[in-house]
Amino acid sequence: YRQALSQVRGIHCLPPSGQTASNYSYFPILVTEGYPLTRDELYQKLKDNNVFARRYFYPLISEFDMYKEMPSASASNLPIASKATQQVLCLPIYAALGNELQDRIIEIIKSIKL
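Residue numbering for the sequence shown follows this note's numbering, starting at 2 and increasing by one per position.
Put into structure tokens, the structure is as follows:
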């Protein structure tokens, strides 16, 4: 994913930290303003094509009924978390994910134009 999506405007792969090793349980990307779709629209487009990505950090715990009325739960108090909940999408990654399916996922993401 990292190499294939590196030139897609508005799609950003999180860089490896260098301090940890990936267990390949998920592959998070950021869907930012430069991409023609929002994270949720891309999520739906993938789902419509039988690709099951996951919206991570969604919903924020601060949006749960038992917390949302707390002053500290205001989105203005959580700007980074609020942004993450709107941008992070985890693409499928698992041991049996073949090149053909991965290429199809990449092509769906790349095919979206302004």
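The C-beta atom is built at its ideal place from N, Cα and C for all residues, glycine as well.
Who pairs with residue i in a beta bridge, going by DSSP?
i, result
"residue 55", "91"
"residue 28", "92"
Under 8 angstroms Cβ to Cβ from residue i, same chain only, skipping five residues before and after it: list those, please.
i, result
"residue 60", "86"
"residue 7", "14"
"residue 109", "46, 47, 50 and 52"
"residue 115", "37"
"residue 23", "17"
How should residue i be labelled, buried or exposed, when 16 other C-beta atoms within 10 angstroms of its C-beta is the threshold for buried?
i, result
"residue 96", "exposed"
"residue 102", "exposed"
Given residue i, which residues of its chain have a CB within under 7 angstroms of its CB, disregarding the five upstream and five downstream residues?
i, result
"residue 25", "94"
"residue 54", "44, 47, 90, 91, 92 and 93"
>> For the pair the segment 71-83 and the segment 31-41, tell me if three or more CB-CB distances fall below 8 angstroms.
In response: Fewer than three pairs of CB atoms, one per stretch, sit closer than 8 angstroms, so the segment 71-83 makes no contact with the segment 31-41.
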